[in-house]
Amino acid sequence: MQKLSKLATTYKQNIIQEVYLEPVTAEKYGLTKRLIFRRRQRMQEKNLVIVYFDGVMGDIPYCSNMCMAYNTFRVRQGAIKDFRDLCFQHQVALVFPYASKRSEVLARYFHKILQLQVDGFYCLKLKEMKAPRRGYVGKWQDYD
4 MQKLSKLATT
14 YKQNIIQEVY
24 LEPVTAEKYG
34 LTKRLIFRRR
44 QRMQEKNLVI
54 VYFDGVMGDI
64 PYCSNMCMAY
74 NTFRVRQGAI
84 KDFRDLCFQH
94 QVALVFPYAS
104 KRSEVLARYF
114 HKILQLQVDG
124 FYCLKLKEMK
134 APRRGYVGKW
144 QDYD
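Taking the working numbering, the leading residue of the sequence shown gets 4, the next gets one more, and so forth.
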């Protein structure tokens with residue numbers, strides 16, 4: 004049986020004993036849609052770090068002659084390990100600039116498969132991004 008490091012053991016214990024807060028805003032608010040919200044109560048006094056997935060953590064490979072499947076994406080080497088460390092020290096919201104279905108697949112992957120302690124997963128409505136920016140900042144009221 005594989006031995007877990009002290010950090011990994013603490014991480015697994017924190018998942019089991021965690022208390023989560025409820026969101027304040029509606030699921031769809033302005034340009035954003037909340038996919039998963041699991042704000043940790045013990046982290047509510049920590050700083051909020053908003054990470055934009057595309058280009059920072061990874062991306063979706065694009066090929067002009069074919070449509071890629073919803074579960075096709077790339078993650079930068081070392082990004083998950085560093086992101087996990089960031090989640091231990093801060094509240095983290097991960098923002099996806101993709102269609103709702105694709106963003107949900109990515110959010111479920113990061114939440115269920117990789118078991119990252121992310122406080123919120125959001126997607127942006129790209130079609131409305133060209134319009135005046137209404138309601139973008141209001142979504143972060145969940146973290147006040």
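No residue lacks a Cβ here, since even glycine has one placed at the ideal position from N, Cα and C.
Burial state of residue i, where buried means 16 or more other Cβ atoms lie within 10 Å
i: Lys115; result: exposed
i: Gly58; result: exposed
i: Met4; result: Because the pLDDT of Met4 is 40, which lies under 50, any placement of that residue in the model is unreliable, and the question is left without a value.
i: Val121; result: buried
i: Gln80; result: exposed
Residue range of the alpha helix (DSSP H) that includes residue i
i: Gln92; result: Ala82 to Gln92
i: Leu109; result: Ser103 to Arg111
i: Phe56; result: Phe56 to Val59
Residue from the options whose Cα sits closest to the Cα of residue i
i: Leu51; options: Lys128, Ile63 and Gln94; result: Gln94
Close beta carbons around residue i, own chain, < 8 angstroms, minus the five adjacent residues each side
i: Glu30; result: Lys36 and Arg37
i: Tyr55; result: Val98 and Pro100
i: Met1; result: A question about residue 1 goes unanswered here, because the residues of the chain that appear run from 4 up to 147.
Endpoints, the beta strand (DSSP E) within which residue i is located
i: Tyr146; result: Segment: none, Tyr146 is in no beta strand (DSSP E) and carries neither H nor E.
i: Glu124; result: The sequence as given places Phe at residue 124; Glu does not occur at that position. Gly123 to Leu127 is the extent of the beta strand (DSSP E) around Phe124.
Own chain, CB closer than 7 angstroms to residue i, minus 5 neighbours either side, in chain order
i: Gln20; result: none
i: Leu89; result: Val52 and Val95
i: Ser103; result: Lys36 and Cys126
Just list the beta strand (DSSP E) runs in the segment 20 to 50, keeping only unbroken ones of 3 residues or longer that don't cross its boundaries, in chain order. 35 to 40
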